[in-house]
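Remarks on the structure that follows.
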Amino acid sequence: QPADQIVFDNSPFFVLLKNGQIERLMLEDFVPPSIDPITSVDSKDIVYSPQLNLSAGKLPLVVYFHGGGFIFSTAFSHGYHNHLNSLASKAKVIAISVEFRRAPEDPHSNGLLPMQMGKGNEYWLNSYVDFDKVFLMGDRAEANIAHHMGMRHGLEKLEGVKIEGMTLFYPYFWGKKPIVGETTDANERAKIEKLWQISRPNTSGSDDPLINPVVEYSKLPSLGCNRLMVVLPAKDILKHRGRYYADQKFEESGWKGEAEVYEIKRVDHGFYLANACHY
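Heads up: the sequence shown begins at 1 in UniProt numbering, then just goes up one per residue.
Structure below.
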């Protein structure tokens with residue numbers, strides 16, 4: 001695109017044009033359902049609808065929200081497809097990789113889908129899933145979705161499911177005021193905040209609870225699971241916010257569960273997608 005048509009260039013991830021269109025540049029390829037020859041994991045596509053309830057089975061279930069800043073990437077991309085194959089193979093779980101509507105065409109909150117599980121007509125889920133052992137996972141911005149789904153479960157007691165735990169890979173948490181260790185560089189902070197504004201045009205700002213969940217501190221004890229893990233790449237600019245969320249705020253809040261932070265040295269965010277087959 002001509003430079004004068006570009007409003008915000010976030011290459012190699014996406015470009016925002018003056019006409020409001022998004023050119024998504026990364027993790028947009030499509031992998032059809034298949035048997036992976038390396039992990040022997042079989043995959044299939046299903047359409048999720050709140051009106052269709054799903055039933056219990058035998059294996060733990062991982063509900064995974066793929067990253068992409070709310071704006072780009074897809075659950076069907078090779079990177080995330082291979083990542084979920086590897087996860088299912090190593091952890092011996094059934095994994096659902098959620099494909100959701102993306103910003104800016106659909107704001108961030110639209111990704112917070114109703115979550116109902118019980119009897120339904122999906123054979124794999126009916127036959128193999130234990131809905132008393134559900135784990136929420138997400139990376140980067142979509143780790144925020146996993147967090148808010150966990151909070152909804154704690155506050156609303158979603159029907160037919162027990163969430164055992166939650167794993168957030170380098171969540172996209174932020175705030176107006178820098179915390180200890182966090183960058184104070186005005187340009188870096190402005191870029192992070194601009195990404196948030198693009199994904200949610202009507203946001204109240206960097207202290208919107210959807211990006212800064214600790215502003216709703218009084219609600220944190222209601223998180224609807226007993227175990228929380230936050231995985232942080234050592235080179236990630238947002239790692240301090242993830243540690244603050246898990247190590248400090250949840251511990252102070254009175255939440256009765258167990259929180260753990262796992263920091264991985266010498267890597268940046270997205271590190272496992274480049275070698276998604278097979279960590």
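Note that CB positions come from ideal geometry on N, CA and C, so glycine has one too.
With F271 as the anchor, note down where its alpha helix (DSSP H) starts and where it stops. The residue you call residue 271 lines up with position 271 of the sequence shown. Boundaries of the alpha helix (DSSP H) harbouring F271: 271–274, taken from the DSSP string.
Taking the alpha-carbon positions, what's the L59 to G165 distance? Within the sequence shown, residue 59 is the residue found at index 59, counting from 1. Within the sequence shown, residue 165 is the residue found at index 165, counting from 1. Near 15 Å, if we compare the C-alpha coordinates of G165 and L59.
In the DSSP assignment, the beta strand (DSSP E) including A186 goes from what residue to what residue? Residue mapping note: residue 186 aligns to position 186 of the sequence shown, counting from 1. Unbroken run through A186 is the alpha helix (DSSP H), 186–199; no beta strand (DSSP E).
K119, buried or exposed, once every other Cβ within 10 Å from all chains shown has been counted against 16: Locating residue 119 in the sequence shown gives position 119, counting from the first residue. Since pLDDT at K119 reaches only 48, below the 50 mark, its modelled position is unreliable, and the value read off the structure follows with that caveat. It is exposed - the Cβ of K119 has fewer than 16 other Cβ atoms within 10 Å.
When the Cα atoms are used, what is the spatial distance from V129 to K219? Residue numbering aside, residue 129 sits at position 129 when the sequence shown is read from its first letter. Residue numbering aside, residue 219 sits at position 219 when the sequence shown is read from its first letter. C-alpha separation (whole angstroms): 30 Å.
Which whole-angstrom value describes the C-beta separation of A75 and S97, a residue pair presumed to lie in contact below a C-beta threshold of 8 Å? Taking the sequence shown and counting its residues from 1, one reaches residue 75 at position 75. Taking the sequence shown and counting its residues from 1, one reaches residue 97 at position 97. Indeed they touch by this definition, with Cβ atoms about 4 Å apart.
Alpha-carbon to alpha-carbon, G242 and H148: Numbered from its first residue, the sequence shown carries residue 148 at position 148. Numbered from its first residue, the sequence shown carries residue 242 at position 242. Going from the Cα of H148 to the Cα of G242 covers about 15 Å.
According to DSSP, is G175 part of a helix, a strand, or is it coil? By 1-based counting over the sequence shown, the position of residue 175 is 175. If DSSP states are grouped into helix, strand and coil, G175 belongs with coil.
Any idea which residues DSSP pairs residue 320 with across the strands? Here the chain covers residues 1 to 279 and nothing more, so residue 320 does not appear.
Tell me the residue span of the alpha helix (DSSP H) that contains I145. As a first step, residue 145 must be located in the sequence shown, where it is residue number 145. DSSP places I145 inside the alpha helix (DSSP H), whose first and last residues are 141–156.
Please state the DSSP three-state secondary structure of R101. Sequence index remark: in the sequence shown, residue 101 carries index 101 (1-based). R101: coil per DSSP, three-state reduction.
Given this structure, state the Cα-to-Cα distance separating L168 from K162, to the nearest angstrom. Residue 168 sits at position 168 when you count from the first residue of the sequence shown. Residue 162 sits at position 162 when you count from the first residue of the sequence shown. Their backbone Cα atoms lie some 18 Å apart in a straight line.
So that I know if they touch, is there some Cβ in chain C lying closer than 9 Å to that of E164? Structure shown: chain C not included; a single protein chain is present.
Spatial neighbours of K249 in its chain, beta-carbon cut-off 7 Å, leaving aside the 5 residues before and after: Within the sequence shown, numbered from 1, the residue matching residue 249 stands at position 249. Cβ within range, chain order: V214, Y217, L220.
Can you grab the Cα-Cα spacing for the pair F100 / P32, in whole Å? One-based indexing of the sequence shown puts residue 100 at position 100. One-based indexing of the sequence shown puts residue 32 at position 32. In a straight line, the C-alpha of F100 is about 17 Å away from that of P32.
Three CB pairs or more closer than 8 Å across the segment 221–231 and the segment 254–263: yes
Give the list of continuous alpha helix (DSSP H) stretches no shorter than 4 residues that lie fully inside the segment 196–266. 239–243, 250–253
Three-pair Cβ contact test at 8 Å for the segment 221–240 versus the segment 261–268: Yes, they touch.
Output yes or no for whether 9 Å exceeds the beta carbon distance between L87 and V62. Stepping through the sequence shown from its first residue, residue 87 is reached at position 87. Stepping through the sequence shown from its first residue, residue 62 is reached at position 62. Their beta carbons are under 9 Å apart, which means L87 touches V62 by this criterion.
Of the residues I192, E156, A146, which one's Cα is nearest the Cα of F8? The sequence position of residue 8 within the sequence shown is 8, counting from 1. Minimum Cα distance to F8 is reached at I192.
Do you know whose CA, among L84, S206, Q21, lies nearest G138's CA? If you number the sequence shown from 1, residue 138 lands on position 138. When only C-alpha atoms are compared, the closest one is L84.
Where the beta strand (DSSP E) containing L125 begins and where it ends: In the sequence shown, the residue the question calls residue 125 occupies position 125. Careful: L125 lies outside any beta strand (DSSP E), inside the alpha helix (DSSP H) at 123–128.
Mind checking whether D132 and S77 have CB atoms under 9 Å apart? Within the sequence shown, residue 132 is the residue found at index 132, counting from 1. Within the sequence shown, residue 77 is the residue found at index 77, counting from 1. Taking C-beta atoms as the reference points, D132 and S77 fail to come closer than 9 Å.
What do you get for A143, buried or exposed, if any count of 16 or more other CB atoms within 10 angstroms of its CB means buried? Here residue 143 refers to the residue found at position 143 of the sequence shown. With 16 or more Cβ atoms within 10 Å of its Cβ, A143 is classed as buried.
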